[in-house]
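Student: Taken in sequence, the protein lines are chains A and B.
Residue numbering for the first sequence follows the numbering used here, starting at 242 and increasing by one per position.
Residue numbering for the second sequence follows the numbering used here, starting at 404 and increasing by one per position.
Here a beta-carbon is modelled for each residue, glycine too, at the ideal position from N, C-alpha and C.
Predicted, not measured: the structure shown is a model, and the values here were computed from it.
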Amino acid sequence: MWTLITKELRSLLRVIALALLADGWMLSELTGQTHWVRGDIELQPGFALAQTEWLIWFGFLLASIASVLGFSMSLDDGLRGTWAFALFRPVSRRAYIGAKLLVGAVVTLVLAMLPVVVYSIWVERPGNLGAPFHWSQLQPAIEACGWSVVIFLGAFLSGIRPAKWWWSRLWPLVTTVTLGMWFWMGSLDSHLEATALMPTVAQYWGICLAMVIALSVSILAVVEEREFA
Amino acid sequence: MPDAIVTDGLTKWYGSKCVVKALTLRVPEGCVYGFLGRNGAGKSTTIKMLTGMVHADDGTASLLGQDVATLPPEMRQRIAYLAEGHPLYSWMTIDGLMRFNRPFYPAWNQRLFDQIIEHFQLDRRQKIKHLSKGQVAQVSLALGIAPEPELLILDDPTLGLDTVVRRDFLESLIQIIQKKGRTIFLSSHVLGDVERVADRIGVMVDGVLRVDCPTDEFKQSIRRVVLSFDSLPPVFSGCDGLVASHVEERRLELVIVGFGDVHQALFAAMTPVPKNIEVVELNLEDAFIEYTRGSRRAIPVFAGDANADG
Numbered sequence: 242m243w244t245l246i247t248k249e250l251r252s253l254l255r256v257i258a259l260a261l262l263a264d265g266w267m268l269s270e271l272t273g274q275t276h277w278v279r280g281d282i283e284l285q286p287g288f289a290l291a292q293t294e295w296l297i298w299f300g301f302l303l304a305s306i307a308s309v310l311g312f313s314m315s316l317d318d319g320l321r322g323t324w325a326f327a328l329f330r331p332v333s334r335r336a337y338i339g340a341k342l343l344v345g346a347v348v349t350l351v352l353a354m355l356p357v358v359v360y361s362i363w364v365e366r367p368g369n370l371g372a373p374f375h376w377s378q379l380q381p382a383i384e385a386c387g388w389s390v391v392i393f394l395g396a397f398l399s400g401i402r403p404a405k406w407w408w409s410r411l412w413p414l415v416t417t418v419t420l421g422m423w424f425w426m427g428s429l430d431s432h433l434e435a436t437a438l439m440p441t442v443a444q445y446w447g448i449c450l451a452m453v454i455a456l457s458v459s460i461l462a463v464v465e466e467r468e469f470a
Numbered sequence: 404m405p406d407a408i409v410t411d412g413l414t415k416w417y418g419s420k421c422v423v424k425a426l427t428l429r430v431p432e433g434c435v436y437g438f439l440g441r442n443g444a445g446k447s448t449t450i451k452m453l454t455g456m457v458h459a460d461d462g463t464a465s466l467l468g469q470d471v472a473t474l475p476p477e478m479r480q481r482i483a484y485l486a487e488g489h490p491l492y493s494w495m496t497i498d499g500l501m502r503f504n505r506p507f508y509p510a511w512n513q514r515l516f517d518q519i520i521e522h523f524q525l526d527r528r529q530k531i532k533h534l535s536k537g538q539v540a541q542v543s544l545a546l547g548i549a550p551e552p553e554l555l556i557l558d559d560p561t562l563g564l565d566t567v568v569r570r571d572f573l574e575s576l577i578q579i580i581q582k583k584g585r586t587i588f589l590s591s592h593v594l595g596d597v598e599r600v601a602d603r604i605g606v607m608v609d610g611v612l613r614v615d616c617p618t619d620e621f622k623q624s625i626r627r628v629v630l631s632f633d634s635l636p637p638v639f640s641g642c643d644g645l646v647a648s649h650v651e652e653r654r655l656e657l658v659i660v661g662f663g664d665v666h667q668a669l670f671a672a673m674t675p676v677p678k679n680i681e682v683v684e685l686n687l688e689d690a691f692i693e694y695t696r697g698s699r700r701a702i703p704v705f706a707g708d709a710n711a712d713g
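1) Taking residue 468 of chain A as the reference, give the member of A:312, A:319 and A:262 with the closest Cα.
2) Check whether the Cβ atoms of residue 305 of chain A and residue 253 of chain A lie closer than 8 Å to each other.
3) What are the residues in the segment 449-462 of chain B lying within 9 Å of chain A by C-beta distance?
4) Should residue 435 of chain A be labelled buried (16 or more other beta-carbon atoms within 10 Å of its own) or exposed?
5) Which residue wins for smallest C-alpha separation from residue 425 of chain A, given the options A:412, A:414, A:408 and A:445?
6) For the segment 574-604 of chain B, list every residue whose C-beta sits within 8 Å of some C-beta in chain A, in sequence order.
7) What are the complete alpha helix (DSSP H) segments, minimum 4 residues, inside the segment 431-516 of chain B?
8) Could you please give the first and the last residue of the uninterrupted alpha helix (DSSP H) stretch that includes residue 641 of chain B?
9) DSSP on residue 555 of chain B, reduced to helix/strand/coil?
10) Report the start-end ranges of each alpha helix (DSSP H) in the segment 259-345 of chain A that is 4 residues or longer and not cut off at the edges.
11) Relative to the C-alpha of residue 607 of chain B, which candidate in B:600, B:616 and B:510 has its C-alpha closest?
12) Within 8 Å of any Cβ in chain A, is that where the Cβ of residue 648 of chain B sits?
13) Report the residue from A:275, A:466, A:315 and A:246 whose alpha carbon sits nearest the alpha carbon of residue 503 of chain B.
14) Please tell me whether residue 256 of chain A and residue 309 of chain A are closer than 8 Å, where the distance is taken between their beta carbons.
15) Residues in the same chain with beta-carbon distance under 8 Å from residue 674 of chain B, minus the five sequence neighbours each way, listed in chain order, please.
16) Can you give the beta carbon distance from residue 435 of chain B to residue 600 of chain B, rounded, assuming they're within the 8 Å contact cut?
17) If contacts are defined as beta-carbon pairs under 8 Å, then residue 296 of chain A and residue 290 of chain A qualify, I think. What distance do you get, rounded to the angstrom?
18) In whole angstroms, what is the alpha-carbon distance linking residue 463 of chain A and residue 427 of chain B?
19) Quick check on residue 437 of chain A: buried or exposed, where buried means 16 or more other Cβ atoms within 10 Å of its Cβ?
20) From the DSSP output, read off the bridge partner residues of residue 612 of chain B.
21) Taking residue 458 of chain A as the reference, give the member of A:335, A:410 and A:293 with the closest Cα.
22) At what residues does the alpha helix (DSSP H) containing residue 549 of chain B begin and finish?
23) Within the same chain, show all residues whose beta-carbon is closer than 6 Å to that of residue 248 of chain A, passing over the 5 residues directly before and after it, in chain order.
24) Alpha carbon to alpha carbon, what distance is there between residue 618 of chain B and residue 421 of chain B?
25) Check whether the segment 588-603 of chain B and the segment 439-446 of chain B are in contact - that is, three or more C-beta pairs closer than 8 Å.
26) So, residue 530 of chain B versus residue 493 of chain B, is the Cβ gap smaller than 8 Å?
27) State yes or no: is the beta carbon of residue 325 of chain A nearer than 8 Å to at least one beta carbon in chain B?
28) I'd like the list of long-range same chain contacts for residue 633 of chain B, defined as Cβ closer than 6 Å, with 5 residues on each side in sequence excluded.
29) Between the alpha carbons of residue 432 of chain B and residue 611 of chain B, how many angstroms are there, rounded?
30) Can you tell which of B:631, B:662, B:649 and B:628 has its C-alpha closest to the C-alpha of residue 621 of chain B?
31) Does DSSP put residue 388 of chain A in a helix, in a strand, or in coil?
32) Quick check on residue 470 of chain A - is its C-beta less than 8 Å from some C-beta in chain B?
33) Leaving out five residues before and five after residue 515 of chain A in sequence, what residues of the same chain have Cβ atoms less than 6 Å from its Cβ?
34) Run through chain A and tell me which residues come within less than 9 Å of residue 507 of chain B, C-beta to C-beta.
35) Consult DSSP for residue 435 of chain A and reduce its assignment to one of helix, strand or coil.
36) Which of the three DSSP states, helix, strand or coil, is assigned to residue 657 of chain B?
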């Protein structure tokens, strides 16, 4: 299994490097080093990742990274023509794809959490933020990070499921992004404006976990059934 | 001797086209089986069904006694599969690929791998994407052989290689065969490649296995029969073993497997009676071409033009 995990990590190096650049850019915006996003946003004082405008940008970044990772990992073998080589190794299809999903999910989560953690540490240092900060303010950003794993799996399923691109192939990705917007934005409302029209924190994570399980099971089922001609 | 590969009524449809029709085949252990056919004859699809990459619509197949539909990973430790075009991770180095492969195979023979890499004078630090097609095929062969497999399945391994590299590849394969006596199932559309190594051949024509016999038997059993007439030849309704028939002016050319007295008697009874019957022995290349091309023949444009000019 370790061999498969190492191979997946190495195959992702370029995508990870690109994602780190995107993370770096997000951090430079959050900390005020650059102003490409700030120029359009009506800035409010305080912790940026607790403000809806910033969170939408952050959510967009995470969805992009998760989608690129999902497509990259699911389409790579097909584009390079290496399915026949990969799947004839003495390891089950489930293990081969399982390693991809595990690596992809962890990398997505780490890349998503990185700006949150670095920004929080920066904020914690005296003199950097002219407003009170509490770790609980991270909740919406962390929820977005959690859903990015769902979007990664949606993109992976779209990539690996044989269907017409212009018809149903993108449905898993579109569904996870749409549901993410629905639940996460609703969750933002309940956090920021104290409304409870949408899921509570516990419900949100429950939905997130259910989606991760459902998508993983679907991916493994597709891989067992599909042909690699 | 038990069979290394067994298929029974193996069938595959792509849409409305049946690409492999009820293939029933047995490859005994220790046999080097040349699986021949033109492009699109169904060779690769058959191999993909054998290796589980594609599901059969009907029929069964087994490798080393295990149904391919439920081939467990442990069985794949005993089987090497070199897919068409030698797909390898292009971003890995030769050493990287070796390190990736080795842990999967308890019987991995590092000495053998090193020998093959050294024999081909490959630089282990080179990335696959920087190697020539021939070198990639050589790496693929080394990776396939090093686990000491009992069965090797090679899907057109010399496809796209130049003559010299192809010869080199096949000679290495012959050495490996002689050394170990393992079962090899080798598909190709180049007869010369197969002729050098195979002791039994199968010929696929439009998804149907038309020949399955020892290589020498195939060579000996196929004949071209040329019947000459004073007038236009009669419409030939067919006979046992007829592979192809072709009318050219006053000549009727037939390609027949297992030509014998029955056929002689049939021709003698034809109306009009043939003026002359010429039976021509075919070499393996010609036999294969006759067998696989069916009714498709070259259009004699240049001959006609030459005559017109002359």
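Tutor: Considering the structure as presented:
1) A:319
2) no
3) 451, 454, 455, 456, 457 and 458
4) Any reading at residue 435 of chain A needs caution, since the residue's pLDDT is 49, under 50, leaving its predicted position unreliable; the model's value is listed next. Classification of residue 435 of chain A: exposed, given that the 10 Å Cβ count is below 16.
5) A:445
6) none
7) 446-453, 476-479 and 497-504
8) Unbroken run through residue 641 of chain B: none, as it is neither H nor E.
9) strand
10) 293-321 and 324-328
11) B:616
12) no
13) A:246
14) yes
15) 637
16) 5 Å
17) 6 Å
18) 29 Å
19) With a pLDDT of 45 at residue 437 of chain A, under the threshold of 50, the modelled position of this residue cannot be trusted, and the question is left open.
20) B:607
21) A:335
22) Taken as a continuous stretch (DSSP letters only), residue 549 of chain B belongs to no alpha helix (DSSP H), as it is neither H nor E.
23) none
24) 27 Å
25) yes
26) yes
27) yes
28) 678
29) 23 Å
30) B:662
31) helix
32) yes
33) An answer regarding residue 515 of chain A cannot be provided, because it is not within the stretch 242 to 470 covered by chain A.
34) 244, 330, 331 and 332
35) With a pLDDT of only 49 at residue 435 of chain A, under 50, the local geometry of the prediction cannot be trusted, and the value read off the model is given with reservation. Note: residue 435 of chain A maps to coil in three-state DSSP.
36) strand
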